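Chains as they are written, first to last, in the working numbering: chain A, 765 to 1123; chain B, 6 to 135. Here the structure is laid out as structure tokens; the discussion comes afterwards.
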Amino acid sequence: MGKRTVIPFGPQHPVLPEPIHLDLAIEDERVVEAIPSLGFVHRGLELLVEKMDFQEMVFVAERICGICSFMHGLGCSLGIEEIMGIEVPERARYLRTIWSELSRIHSHLLWLGLAADAAGFESLFTHSWRVREKILDIAEETTGGRVIFGACKVGGTRRDIDGETLVRVLGRMKDIEADYRSIAAVFRDDYSMRHRFSGVGVMSREEARELGAVGPTARGSGIARDTRELGYAAYGGLDFEPVIEDAGDCYARCMVRVREVHQSFDLIRQAAAKIPGGPVEVKVKGFPEGEYFSRLEQPRGEVIYYIRGNGTKFLDRFRVRTPTFANIGPMVKMLAGCELADVPVIVLSIDPCISCAER
Amino acid sequence: MPLLPIVKMTKTVMKSLLGGSACKMYPARKPTFFGGTRGPVEIDPSKCVLCGLCAKKCPAGAIAVDREGKTWEIDRLKCIVCSLCADICPKKCLVLRNDYTPPVTGETKDVFRIEPVSKEGHQDQGKSKG
Ligand code: SF4
Ligand code: SF4
Chain A
765 MGKRTVIPFG
775 PQHPVLPEPI
785 HLDLAIEDER
795 VVEAIPSLGF
805 VHRGLELLVE
815 KMDFQEMVFV
825 AERICGICSF
835 MHGLGCSLGI
845 EEIMGIEVPE
855 RARYLRTIWS
865 ELSRIHSHLL
875 WLGLAADAAG
885 FESLFTHSWR
895 VREKILDIAE
905 ETTGGRVIFG
915 ACKVGGTRRD
925 IDGETLVRVL
935 GRMKDIEADY
945 RSIAAVFRDD
955 YSMRHRFSGV
965 GVMSREEARE
975 LGAVGPTARG
985 SGIARDTREL
995 GYAAYGGLDF
1005 EPVIEDAGDC
1015 YARCMVRVRE
1025 VHQSFDLIRQ
1035 AAAKIPGGPV
1045 EVKVKGFPEG
1055 EYFSRLEQPR
1065 GEVIYYIRGN
1075 GTKFLDRFRV
1085 RTPTFANIGP
1095 MVKMLAGCEL
1105 ADVPVIVLSI
1115 DPCISCAER
Chain B
6 MPLLPIVKMT
16 KTVMKSLLGG
26 SACKMYPARK
36 PTFFGGTRGP
46 VEIDPSKCVL
56 CGLCAKKCPA
66 GAIAVDREGK
76 TWEIDRLKCI
86 VCSLCADICP
96 KKCLVLRNDY
106 TPPVTGETKD
116 VFRIEPVSKE
126 GHQDQGKSKG
């Protein structure tokens, strides 16, 4: 047994996409313990509710994350709508579902690119992002924004997708999916990805449950938990099952995401087939009074919004528990006992979004 | 190593070798924007009545309306291109241009002098970089 050394890792490190600091206690090449510290990009967005109209807060919430931004706006809107008893039109619910799934596809494709990059497979990385770009084009065409859609608001959506655009987009999506299929096959079958990710950062089902893992991190360990099953937006009317893998290693988490992209394509098709006509928003009158926890499934897992209104236009409290925050515990567990060289891959495998976690 | 996986990636590689570029070839080719793309806010100074609603509602605090000085000012770097101001302006004098905000290296405040159209139809409006 070697002497114990502590290696500081991050917040700025060539392999880290986001600023998290880890103190890695190592013996020889093996990590004995990892102690995370956060707080490098804290922005204090939650406190903004004190001086920002609750309807404008949706725009701020959208900017909590630069990837799954639509779902942040949605979480905020859902909470406020629930408190105020607003019945969102059916069409808006379907639109929200379509845009949520678009976000999920582009978020997962971004991650898949980063994963390929972490494995040193650069051409796969660029191909993942090439496909992602086409999804971003669809987002821009339907909402006006590439990543920050700005399409959600309290009481419905700010934009509608007309029938012609929807048909055109669905047609394009068919080609994109075929394109994606050839890339997914590489992730599934290629030796390099499997070699780098298999058996690394294993977390058992029990551990994942105990540590409160969420999203693909939990589903990669065989826990069939997906907040979309609660049926918010239009998910109640769509047919899907949580994607799970049993191995609990980085490769399993990668496979969950690979398969979830297919699932999202399918959900968009289902939603587009079922979307009813009608208005996309209702007028919002009065101010929220009361509290609510809204929960929804983001690409990284379950996000929880706690919102408390006091009957004025400013909210009392606004609290966001992002999926990355929930997944830091499981990540620390995976890191204990791993090889030093595997640390970047394991950190990446939970799809960390540290700036979300710090809001 | 089994042969099949190599073939998998080869297909994609061949496609990119033989197919055209995946890039949009900017700036050699002019970019096209979608109809709904949100870009920088533009104002029609002849319609604005300096009511200040846009400044009050802007989530980023990017707009400053000076009633006395008769100016309407926007901080381009603060603006998050949400289009809330354009939605709520009672005079509908704000629009979001249909392209991306150009990159900047310095001062990003655009000040517009708001002056109603005079009788002769001559309009004295000036945009000055502040
Ligand atoms: S731009 Fe519109 S909202 Fe803003 S001050 Fe002028 S009239 Fe009012
Ligand atoms: S687009 Fe949004 S951020 Fe920009 S000036 Fe208008 S309200 Fe403010």
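We put the CB at the ideal spot given by N, CA and C, even for glycine. Every value quoted in this text rests on a predicted model; they were computed, and no experiment measured them.
At a threshold of 7 Å, does Cys59 of chain B count as lining ligand 1 (C-beta to nearest heavy atom)? Ligand 1 has a heavy atom closer than 7 Å to the beta-carbon of Cys59 of chain B.
Let me check understanding here. Comparing Cα to Cα, which of B:Cys63, B:Val86, B:Val100 and B:Glu112 lies closest to Ile48 of chain B? Closest option to Ile48 of chain B, Cα to Cα, is B:Val100.
Going by DSSP in three states, Arg855 of chain A sits in which element: helix, strand or coil? Taken through DSSP and simplified to helix, strand or coil, Arg855 of chain A comes out as helix.
Decide if Gly131 of chain B is buried, meaning its Cβ has at least 16 other Cβ atoms within 10 Å, or exposed. Any reading at Gly131 of chain B must be qualified, since the residue scores a pLDDT of 44, below 50, and its modelled position is unreliable; no value is offered.
Go ahead and label Thr861 of chain A buried or exposed: buried means 16 or more other beta carbons lie within 10 angstroms of its beta carbon, across all protein chains shown. Flag for Thr861 of chain A reads buried.
Would Lys83 of chain B and Ala69 of chain B qualify as a contact pair, given that the criterion is a beta-carbon distance under 8 Å? Ala69 of chain B sits away from Lys83 of chain B, with the two beta carbons spaced by 8 Å or more.
Just the C-alpha distance for Thr907 of chain A and Ala91 of chain B, rounded to the nearest angstrom, thanks. Just so you know, the alpha carbons of Thr907 of chain A and Ala91 of chain B end up roughly 16 Å apart.
When B:Pro45, B:Ser88 and B:Ser51 are compared against Lys62 of chain B, the one with the closest alpha-carbon: Comparing Cα positions, the closest option is B:Ser88.
Taking a cut of 7 Å between CB atoms, which residues from the segment 807 to 818 of chain A lie near chain B? Those would be Met816, in chain order.
Straight-line Cα distance separating Leu873 of chain A from Ser1119 of chain A: One C-alpha to the other measures close to 19 Å.
Are the beta-carbon atoms of Ala880 of chain A and Leu888 of chain A separated by less than 8 Å? One thing to note: Ala880 of chain A has its Cβ within 8 Å of the Cβ of Leu888 of chain A.
Tell me, please, which residues DSSP counts as bridged to Val70 of chain B. Val70 of chain B pairs with B:Trp77.
Nearest CA to the CA of Ile85 of chain B: which residue from B:Tyr105, B:Ala33 and B:Phe117? Nearest in C-alpha terms to Ile85 of chain B, of all of B:Tyr105, B:Ala33 and B:Phe117, is B:Tyr105.
Can you tell which of A:Ile899, A:Val918 and A:Leu878 has the C-alpha that lies nearest to the C-alpha of Lys757 of chain A? The requested residue 757 of chain A does not occur in the structure, where chain A is confined to residues 765 to 1123.
CB Arg983 of chain A to CB Pro1006 of chain A, shorter than 8 Å? In this structure, Pro1006 of chain A lies closer than 8 Å to Arg983 of chain A by Cβ.
What residues match up with Glu905 of chain A in a beta bridge as DSSP calls it? Beta-bridge pairing links Glu905 of chain A to no other residue.
Beta-carbon proximity of Val795 of chain A to Val1107 of chain A, cut-off 8 Å: Contact: yes.
Does the beta-carbon of Ile850 of chain A, which I'm using as the reference point, lie nearer than 7 Å to any heavy atom of ligand 1? Using a cutoff of 7 Å, the CB of Ile850 of chain A does not count as near ligand 1, since none of the ligand's heavy atoms is closer than that.
Pop quiz: Ile847 of chain A and Glu1055 of chain A are said to be a contact at Cβ under 8 Å. What is the actual Cβ separation, rounded to whole angstroms? Your pair Ile847 of chain A and Glu1055 of chain A checks out as a contact, with CB atoms roughly 7 Å apart and the cut at 8 Å.
State the Cα-Cα distance for the pair Val812 of chain A and Arg960 of chain A, rounded to the nearest angstrom. Correcting the residue identity first, residue 812 of chain A is Leu in this sequence and not Val. Cα to Cα, the separation comes out at about 43 Å.
Completely contained alpha helix (DSSP H) runs for the segment 1005 to 1043 of chain A, where each covers 4 or more residues: Counting whole runs of 4 or more residues, the segment 1005 to 1043 of chain A contains the alpha helix (DSSP H) stretches 1014 to 1038.
For Asn1074 of chain A, which of helix, strand or coil comes out of DSSP? Strand, per DSSP.
Sheet register partners of Asp926 of chain A (DSSP bridge): Partner(s): none; Asp926 of chain A has no beta bridge.
Helix, strand or coil: how does DSSP classify Tyr1069 of chain A here? DSSP places Tyr1069 of chain A in strand when its eight states are reduced to three.
Write down the C-beta distance between Ile828 of chain A and His836 of chain A rounded to the nearest angstrom, noting that I regard them as a contact closer than 8 Å. The pair is a contact, with the Cβ atoms about 5 Å apart (cut-off 8 Å).
Is the beta carbon of Cys90 of chain B within less than 7 Å of some heavy atom of ligand 2? It does: the Cβ of Cys90 of chain B is within 7 Å (strictly closer) of some heavy atom of ligand 2.
Assuming Ile790 of chain A contacts Leu1104 of chain A (C-beta within less than 8 Å), just tell me the rounded distance between them. 6 Å between Cβ atoms; contact.
Can you list, in chain order, the residues of its chain whose CB lies under 8 Å from that of Pro853 of chain A, leaving out five sequence neighbours each side? For Pro853 of chain A, same chain residues with a beta-carbon under 8 Å away, outside a window of 5 residues either side, are Gly920, Gly1042, Pro1043, Val1044, Glu1045 and Val1046 in chain order.
Proximal residues to Arg72 of chain B (C-beta, below 6 Å), its chain only, five neighbours per side dropped: Once the five neighbours on either side are set aside, the close Cβ partners of Arg72 of chain B are Leu55.
Per DSSP, what kind of secondary structure is Ser21 of chain B in: helix, strand or coil? If DSSP states are grouped into helix, strand and coil, Ser21 of chain B belongs with the helices.
What residues from chain B crowd round Phe889 of chain A, counting only those whose CB sits closer than 7 Å? Within chain B, no C-beta atom comes less than 7 Å from the C-beta of Phe889 of chain A; the nearest is roughly 12 Å away.
What are the start and end residues of the alpha helix (DSSP H) that includes Gly837 of chain A? Its alpha helix (DSSP H) spans residues Ser833 to Met848.
Among A:Asp1010, A:Phe1029, A:Gly986 and A:Pro980, which one has its Cα closest to the Cα of Ala1003 of chain A? It is Asp, not Ala, that sits at residue 1003 of chain A in the sequence shown. The residue among A:Asp1010, A:Phe1029, A:Gly986 and A:Pro980 with its C-alpha nearest the C-alpha of Asp1003 of chain A is A:Phe1029.
Return the CA-CA distance between Ser867 of chain A and Gly74 of chain B, expressed in angstroms with no decimal places. Separation of Ser867 of chain A and Gly74 of chain B (C-alpha to C-alpha, rounded to the nearest whole angstrom) is 44 Å.
Tell me the rounded alpha-carbon separation between Val1096 of chain A and Glu797 of chain A. Whole-angstrom Cα-Cα distance: 8 Å.
According to a CB-to-CB cut-off of less than 9 Å, which residues of the segment 76 to 93 of chain B neighbour chain A? Residues of the segment 76 to 93 of chain B whose Cβ lies closer than 9 Å to any Cβ of chain A, in chain order: Ile85, Val86, Cys87, Ser88, Leu89 and Asp92.
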